[in-house]
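Participant: Before anything else, here's the structure in question.
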Amino acid sequence: MPGLGTSFGRGGATTAPSDLVNSDAILIMGSNMAENHPVGFQWVIEARERGTKVIHVDPRFSRTSAMADIWAPLRAGSDILFLGGLIHYVLENEKDFREYVIHYTNASIILPQEFKDTEELGGVFSGWDAKNRSYDSSTWLYGACVEGGQVAPGSAGPHSGHCKEGAGAGADLGDCECDPTLSHPRCVYQVLKKHYARYTPELVERFCGVPRERFLKIAETFCSASGAEKTGAICYALGWTQQSKGPQIIRAAAILQLVLGNIGRPGGGILALRGHASIQGSTDIPTLYDILPGYLPMPNLGLDSHNLADYIAAHRDPTGWWWNFDKYIVSLLKAYYGEGAKKENDWGFNWLPRVTGDHSHQGYFLEMMDGKVEGLFVMGQNPAVAGPNSRLERKALSKLKWLVVRDMVELETATFWYDSPEVERGELRPEEIATEVFFLPAAGQAEKDGTFTNTQRLLQWHQKAVDPPGDARSETWFMYHLGRRLKEKAKQDPRPRNAGLSALTWDYSVGGTMQEPKVEEVLQEINGYTVADRALVSGFTELKADGSTASGCWIYTGVFPRQDENRANQRNSQDLLGHGWGFAWPADRRVLYNRASARPDGRPWSERKKLVWWDEQNREWTGLDVPDFTRTKAPNYQPPKDAHGDEALAGDKPFILHPDGTGWIFAPKGLADGPLPTHYEGLEAPVCNPLYPDHQSNPGAMREERPDNRFATSPDDRFPYVMSTYRLTEHHTSGAMSRMLPHLAELQPEFFCEISPELASERGIENGGWVTVMTRRGIVEARALVTSRMRPLPIDGKLVHQVGVPYHWGTRGLVKGDSANDLVAISEEPNVRIMEAKGILCDVSPGRRARGKAALDQLNAHLGRK
Amino acid sequence: MPTSAFLTDASICIGCKACEVACKEWNHIPDDGFNWTGQSYDNTHALGASTWRHVLFLEEKQSMGPQLAGIDEPFRWQFLSDVCKHCENAGCLEACPTGAIVRTELESVYVQHDVCNGCGYCVVSCPFGVVDKNHEVGTAFKCTFCYDRQRDGLMPACAKACPTRSIRFGELQELRQEAQVRVKELQDRGYTDAQIYDPAGFSVGGTHAIFVILGQPEAYNFPPAPEVPTIHLKSAWSAALLSAFVVVLVIFLAFAL
Chain A
0 MPGLGTSFGR GGATTAPSDL VNSDAILIMG SNMAENHPVG FQWVIEARER GTKVIHVDPR
60 FSRTSAMADI WAPLRAGSDI LFLGGLIHYV LENEKDFREY VIHYTNASII LPQEFKDTEE
120 LGGVFSGWDA KNRSYDSSTW LYGACVEGGQ VAPGSAGPHS GHCKEGAGAG ADLGDCECDP
180 TLSHPRCVYQ VLKKHYARYT PELVERFCGV PRERFLKIAE TFCSASGAEK TGAICYALGW
240 TQQSKGPQII RAAAILQLVL GNIGRPGGGI LALRGHASIQ GSTDIPTLYD ILPGYLPMPN
300 LGLDSHNLAD YIAAHRDPTG WWWNFDKYIV SLLKAYYGEG AKKENDWGFN WLPRVTGDHS
360 HQGYFLEMMD GKVEGLFVMG QNPAVAGPNS RLERKALSKL KWLVVRDMVE LETATFWYDS
420 PEVERGELRP EEIATEVFFL PAAGQAEKDG TFTNTQRLLQ WHQKAVDPPG DARSETWFMY
480 HLGRRLKEKA KQDPRPRNAG LSALTWDYSV GGTMQEPKVE EVLQEINGYT VADRALVSGF
540 TELKADGSTA SGCWIYTGVF PRQDENRANQ RNSQDLLGHG WGFAWPADRR VLYNRASARP
600 DGRPWSERKK LVWWDEQNRE WTGLDVPDFT RTKAPNYQPP KDAHGDEALA GDKPFILHPD
660 GTGWIFAPKG LADGPLPTHY EGLEAPVCNP LYPDHQSNPG AMREERPDNR FATSPDDRFP
720 YVMSTYRLTE HHTSGAMSRM LPHLAELQPE FFCEISPELA SERGIENGGW VTVMTRRGIV
780 EARALVTSRM RPLPIDGKLV HQVGVPYHWG TRGLVKGDSA NDLVAISEEP NVRIMEAKGI
840 LCDVSPGRRA RGKAALDQLN AHLGRK
Chain B
0 MPTSAFLTDA SICIGCKACE VACKEWNHIP DDGFNWTGQS YDNTHALGAS TWRHVLFLEE
60 KQSMGPQLAG IDEPFRWQFL SDVCKHCENA GCLEACPTGA IVRTELESVY VQHDVCNGCG
120 YCVVSCPFGV VDKNHEVGTA FKCTFCYDRQ RDGLMPACAK ACPTRSIRFG ELQELRQEAQ
180 VRVKELQDRG YTDAQIYDPA GFSVGGTHAI FVILGQPEAY NFPPAPEVPT IHLKSAWSAA
240 LLSAFVVVLV IFLAFAL
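Top line first, the protein sequences correspond to chains A and B.
Be aware that the first sequence starts at 0, since it is given in numbering that gives the first Met the number 0, and climbs by one per residue.
Be aware that the second sequence starts at 0, since it is given in numbering that gives the first Met the number 0, and climbs by one per residue.
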């Protein structure tokens, strides 16, 4: 989550859904919250009932729109134009929360002369290397020192941007030139103003398709929820992240919230609605290739990985909280390698794997297709249905030597070799597939203990209700026993490559007839302990860099402060923010950066919006939330010269993870595709980029174009319509957990495609009939749901039709259908390497697709059409 | 025991269908078939033998109170979870010849499957079209008002699962008052077509499921004037007697003349 990470310091939602009740306005964009987060949406309804204005901006009129006060349709892929329009509106009308902006953001920082904006360079920032299609971001770094070395900050190398504030060297941003009057032409505020000068309501109307009046109504409604007495919140989800510029869209929202003074305050913030259970947890304790637990970067071969000292030097910030970087990595290594981790061997640093290339989902499936991957474990995922260009992904599976699928049901990924569409079309022949497939039954969540970490960074413990049936086992069981057996094998084989595996601590106790590992012990290890006496630590401030402490994930410390106190298991909510229920990282702070809820002098901005404030009598921060600030640091604290870490940040700097303690309107490092969000069209678009004709789409994005992963031109007569994939309340992601259940399957029993009555009449499509949907990659058939909830939009003088396709169906289950992801391309956003599934180009025609191989002929015939 | 009831509020229903699923899970109701309808997001069609809570999806060309939604023409999307009304004078109960349908101590209307002979009179006698026969099992089914849960002091599964409190469960008179306050509040906020659907003034004699709706009852498949079929008994029997009399008279006259 580098969009939030670079803006504020941490890659997590800044607030909790229940805090939305405190909002004066809620802007939901890039999310169908009512549909995909119905339980969290209760707080939006509650807020609306209390008078909060709820705004939904989305290509489709969805269940969320139905409950909103204002809905505006939007051309998929034009989000930055819209948000830039709002930023323009705020600055142009001087509606920014000036005192907040001056003190808590980097608006006053004067940028180096060498920095050049997209408006000056026709669509790229200074530092663009057209040959390598990446940025040297050294001109973005403000401040006296541009140091920190070998790693080009934010470069689009094999490293991607999940870590800290993205791939980037530790650099001193603490000591910079400022202009508190915000009038210097090179100060961030003025650069921002110029950057968005062209994002006028007229431009928004012309290219987003949002009528001018509706846009102004939204701007007025949301931007007036700002100031001492008011706050507004923004909720987003995969509508933003699944684009070739996702983090930059989130950055645009972050800038808007910073200029309105809405971060760190009750009812403010940005709520990143995570895709499903424990997705936040899976970036905190990552299932990603490029980070270690707690957002520490995975060492990168040849860049920062020679030894621990180099690695720490490259990532430790001299000022701000990341000064403690060494404590967290050493404690992590100590948790991994126990007694094997010694000062002499760099605490086992060289046993950590190195990033050697693009090992993201997209990257390794392309390599798999090319025969470069031997084996694959698939757990809790169904790439045969949910992966982009799932045609390619299913075929790629056939190139493996072995495939292990652990799931509750035999899903499409495990059956690709005998009942995939490719088998039906003769592209794959079961007798020719050499992949050995192992299907292992997995336990469901009610059949195991453990935690979820959800949207609001909240760890919640769940108890096993029943034993799993038959041979089904939990993931913990599987990983533990697999690791145990591998370690036994390694014992027989003393080659150096096995030294790390042999050193790995793997001493969880097991119990019961199933030999299930005790999950509390895992959580205790994650929490951390002092090595000498195995006493649990109660917070990350207790972690040390001398090997005396161990912690599996520094941001989770405090979740298990004592043997008998599992705070994830707390079930006694005491207030609206939910203190007493579960444990929110870090340190049970529910609203991040909440120092900003008080004025620079420590008093609340207003009685109505008070959250955390300075108690002069007791000389400490106090309030309704756990202060996200050093408790005893006075508001008027001024750091001594040469101070390091948190001590180098003044008492009015709420964004403590950032080296300068401010919220970053301008991101001097951490992003591969620019310090300010700029409108680019998607990788496929129905129009040319109105702002920068020379840079149609995000210059940093990787198209991964190849014969089996083709793109349409922009625009393309063969594919005139704009399509987005999405999910429905009734199903769960690829449908593996819902298509098998009669009570869910019956609610949305068929793959359908939502189209407007106008498009239906243009193409002779009837509601309830069949349509064939084609993109450059694939062909599927779906039932036609003709509805006025889909509106054609006038874009730059022509009518653009948008269509919607939910992606829940496959070849298995009680209800079956084609998979929408056959239509999506593999592509990579440069920071997080997510594909673009929103705003891609397609054609929709009446009737069913051809069967068998003829379906491919039908697609090829369409491609050949001019 | 106080009179329990449902108040279902369309203005805060988000159409998530959690009530439908919770109801089926709790009561072990089979699926309703996997039939895609093409009618908005509604694929369980209507209340029936295997759907005891049913969420309606209404796409309408009119605006919803002060909501700014439609672009070139007014538009709104309404959701409402329908359920058995548990009438004071229940048509199904009166029509049941076997005594399978009874009024419980909770004042709900309950079908005892082991007594039901599957005659189907209740199906045609329900003024709301709620009761339905499962043709495989051969008997009638409908909402039990979660009799088992209520007996154990739990609220019905649908109300428990509702994330927005669109389905409220409580004491009938209190809910009636709540509904009035709610409708007034909605009207004050500009939802001028907000109204209570609580057909107390008809022969059904009031119900144990009342609704706050936006617009006219007909749009939600609610009969504006629900009547128990038995109120037609007197006129029907009178008509029959009169017909018989006329027939006899005609025959008599035919022979007499």
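For each residue, glycine too, the CB sits at the ideal point set by N, CA and C.
Grab me the residues of residue 66 of chain A's own chain with a C-beta within less than 6 Å of its C-beta, minus the 5 sequence neighbours each way, in chain order.
Facilitator: As a working mapping, residue 66 of chain A is identified with position 67 in the first sequence. Here the set comprises 33.
Participant: Taking beta-carbon pairs under 8 Å, can you tell me which members of the segment 731-765 of chain A lie near chain B?
Facilitator: Those would be 741, 742, 743, 744, 745, 746, 747, 748, 749, 751, in chain order.
Participant: Which residue or residues does DSSP assign as beta-bridge partners of residue 845 of chain A?
Facilitator: Here residue 845 of chain A refers to the residue found at position 846 when the first sequence is read from its first residue. In the DSSP output, where bridge partners are listed per residue, residue 845 of chain A has A:770.
Participant: Give me the chain B residues within the contact set of residue 786 of chain A, using Cβ-Cβ distance strictly less than 8 Å, ordered along the chain.
Facilitator: Along the first sequence, one-based indexing puts residue 786 of chain A at 787. Going along chain B in sequence order, the residues near residue 786 of chain A (Cβ under 8 Å) are 39, 58.
Participant: Restricting to Cα atoms, I'd like to know which of A:324, A:222, A:429 is closest to residue 22 of chain A.
Facilitator: Against the first sequence, residue 22 of chain A aligns to sequence position 23. The shortest Cα separation from residue 22 of chain A among A:324, A:222, A:429 belongs to A:222.
Participant: Can you list, in chain order, the residues of its chain whose CB lies under 6 Å from that of residue 165 of chain B, leaving out five sequence neighbours each side?
Facilitator: Taking the second sequence and counting its residues from 1, one reaches residue 165 of chain B at position 166. Counting only Cβ-Cβ distances below 6 Å, and skipping sequence neighbours, we find 8, 11, 12.
Participant: Quick one: is residue 204 of chain A near chain B, going by C-beta distance under 8 Å?
Facilitator: For the purposes of this step, residue 204 of chain A is taken as residue 205 along the first sequence, with counting starting at 1. For residue 204 of chain A, the answer is no, since every Cβ of chain B falls outside 8 Å of its Cβ.
Participant: Distance, Cα to Cα, residue 762 of chain A vs residue 74 of chain A?
Facilitator: Sequence index remark: in the first sequence, residue 762 of chain A carries index 763 (1-based). Sequence index remark: in the first sequence, residue 74 of chain A carries index 75 (1-based). Computed Cα separation, rounded: 20 Å.
Participant: Can you list, in chain order, the residues of the segment 203-227 of chain A whose Cβ is nearer than 8 Å to any Cβ on chain B?
Facilitator: Correct list: 210, 213, 216.
Participant: Have a look at A:767, A:738, A:725 and flag the residue whose alpha-carbon is nearest the alpha-carbon of residue 239 of chain A.
Facilitator: As a working note, residue 239 of chain A is residue 240 in the first sequence. Checking every option, the nearest Cα to that of residue 239 of chain A belongs to A:725.
Participant: Compare the beta carbon distance of residue 250 of chain A and residue 2 of chain A with 8 Å and say whether it is the shorter of the two.
Facilitator: Sequence index remark: in the first sequence, residue 250 of chain A carries index 251 (1-based). Sequence index remark: in the first sequence, residue 2 of chain A carries index 3 (1-based). Yes, they are a contact pair.
Participant: How big is the Cα-Cα spacing for residue 669 of chain A and residue 387 of chain A?
Facilitator: Position 670 of the first sequence, counted from the first residue, corresponds to residue 669 of chain A. Position 388 of the first sequence, counted from the first residue, corresponds to residue 387 of chain A. Cα to Cα, residue 669 of chain A sits roughly 26 Å from residue 387 of chain A.
Participant: Taking C-alpha atoms, which residue in A:303, A:812, A:324, A:643 lies nearest to residue 292 of chain A?
Facilitator: For the purposes of this step, residue 292 of chain A is taken as the residue at position 293 of the first sequence. Nearest option by C-alpha distance: A:324.
Participant: Rounded to the nearest angstrom, how far is the Cβ of residue 213 of chain A from that of residue 24 of chain A, given a contact under 8 Å?
Facilitator: Start at 1 with the first residue of the first sequence, and residue 213 of chain A comes out as number 214. Start at 1 with the first residue of the first sequence, and residue 24 of chain A comes out as number 25. Not quite, the Cβ-Cβ distance comes to about 15 Å (not below 8 Å), so this is no contact.
Participant: Counting contacts by CB-CB distance shorter than 8 Å, is residue 258 of chain B in contact with chain A?
Facilitator: Residue 258 of chain B lies beyond the range of chain B shown here (0 to 256); nothing can be said about it.
Participant: Can you tell me the Cβ-Cβ gap for residue 868 of chain A and residue 384 of chain A, rounded? I've got them flagged as a contact below 8 Å.
Facilitator: In this structure chain A extends from 0 to 865, so residue 868 of chain A is not present and cannot be described.
Participant: Rounded to whole angstroms, what is the Cα-Cα separation between residue 149 of chain B and residue 518 of chain A?
Facilitator: Taking the first residue of the second sequence as 1, we reach residue 149 of chain B at position 150. Taking the first residue of the first sequence as 1, we reach residue 518 of chain A at position 519. Rounded to the nearest angstrom, the two C-alpha atoms are 37 Å apart.
Participant: Tell me, please, which residues DSSP counts as bridged to residue 299 of chain A.
Facilitator: Here residue 299 of chain A refers to the residue found at position 300 when the first sequence is read from its first residue. Looking at the DSSP assignment, residue 299 of chain A forms a beta bridge with A:354.
Participant: I'd like to confirm the pairing. Which residues does DSSP put opposite residue 55 of chain B in its beta bridges?
Facilitator: Locating residue 55 of chain B in the second sequence gives position 56, where the first residue counts as 1. Its beta-bridge partners are B:79.
Participant: Under a CB-based cut-off of 8 Å, is residue 201 of chain A close to chain B?
Facilitator: Taking the first residue of the first sequence as 1, we reach residue 201 of chain A at position 202. Chain B contact via Cβ: absent.
Participant: According to DSSP, is residue 38 of chain B part of a helix, a strand, or is it coil?
Facilitator: Taking the first residue of the second sequence as 1, we reach residue 38 of chain B at position 39. Here residue 38 of chain B sits in strand by DSSP.
Participant: For residue 471 of chain A and residue 440 of chain A, I'd like the C-alpha separation in whole angstroms.
Facilitator: Counting from one through the first sequence, the residue named residue 471 of chain A turns up at place 472. Counting from one through the first sequence, the residue named residue 440 of chain A turns up at place 441. Approximately 5 Å between the Cα atoms of the pair.
Participant: Could you check whether the Cβ of residue 729 of chain A sits closer than 8 Å to any Cβ belonging to chain B?
Facilitator: For the purposes of this step, residue 729 of chain A is taken as the residue at position 730 of the first sequence. Yes, because at least one Cβ of chain B sits closer than 8 Å to the Cβ of residue 729 of chain A.
Participant: Reducing DSSP to helix, strand and coil, say where residue 245 of chain A ends up.
Facilitator: Taking the first residue of the first sequence as 1, we reach residue 245 of chain A at position 246. The answer is helix: DSSP assigns residue 245 of chain A an H, G or I state.
Participant: For residue 111 of chain B, name the three-state secondary structure that DSSP assigns.
Facilitator: Working through the second sequence from its first residue, we reach residue 111 of chain B at position 112. Coil.
Participant: Counting only Cβ pairs nearer than 9 Å, list the residues of chain B close to residue 376 of chain A.
Facilitator: In the first sequence, residue 376 of chain A corresponds to position 377, counting from 1. Those within 9 Å of residue 376 of chain A in chain B number zero; the least Cβ separation is about 32 Å.
Participant: Distance, Cα to Cα, residue 98 of chain B vs residue 1 of chain B?
Facilitator: Numbered from 1 along the second sequence, position 99 holds the residue referred to as residue 98 of chain B. Numbered from 1 along the second sequence, position 2 holds the residue referred to as residue 1 of chain B. If I take the Cα positions, the gap works out to 25 Å.
Participant: Please classify residue 402 of chain A: does DSSP put it in a helix, a strand, or coil?
Facilitator: Within the first sequence, the letter at position 403 stands for residue 402 of chain A. Reduced to three states, the DSSP call for residue 402 of chain A is strand.
Participant: Among all the DSSP beta bridges, which residues are the ones paired with residue 376 of chain A?
Facilitator: Residue mapping note: residue 376 of chain A aligns to position 377 of the first sequence, counting from 1. Per DSSP, A:403.
Participant: List the residues of chain B whose Cβ lies closer than 9 Å to the Cβ of residue 44 of chain A, in chain order.
Facilitator: Within the first sequence, residue 44 of chain A is the residue found at index 45, counting from 1. Correct list: 11, 13, 162, 163, 164, 165.
Participant: Unbroken beta strand (DSSP E) runs of length 3 or more, entirely within the segment 63-146 of chain A: which are they?
Facilitator: For the segment 63-146 of chain A, whole beta strand (DSSP E) runs of length 3 or above, ordered along the chain, are 69-71.
Participant: Skipping 5 residues on each side, what residues in its chain have a beta carbon closer than 6 Å to that of residue 201 of chain B?
Facilitator: Here the question's residue 201 of chain B lines up with position 202 in the second sequence. Excluding positions up to five away in sequence, the list reads 224, 225, 226.
Participant: Is it right to say residue 6 of chain A is buried, meaning 16 or more other beta carbons lie within 10 angstroms of its own, or is it exposed?
Facilitator: Position 7 of the first sequence, counting from 1, holds the residue named residue 6 of chain A. Its Cβ being crowded by 16 or more others within 10 Å, residue 6 of chain A is buried.
Participant: Would you say residue 179 of chain B lies against chain A (beta-carbon separation less than 8 Å)?
Facilitator: As a working note, residue 179 of chain B is residue 180 in the second sequence. For residue 179 of chain B, the answer is no, since every Cβ of chain A falls outside 8 Å of its Cβ.
Participant: Output the distance between the C-alpha atoms of residue 595 of chain A and residue 653 of chain A, rounded to the nearest integer angstrom.
Facilitator: In the first sequence, the residue the question calls residue 595 of chain A occupies position 596. In the first sequence, the residue the question calls residue 653 of chain A occupies position 654. Answer to the nearest angstrom: the Cα atoms are 6 Å apart.
Participant: Which residue from A:672, A:281, A:664, A:389 puts its Cα closest to that of residue 453 of chain A?
Facilitator: Residue 453 of chain A sits at position 454 when you count from the first residue of the first sequence. Cα-wise, what sits closest to residue 453 of chain A is A:281.
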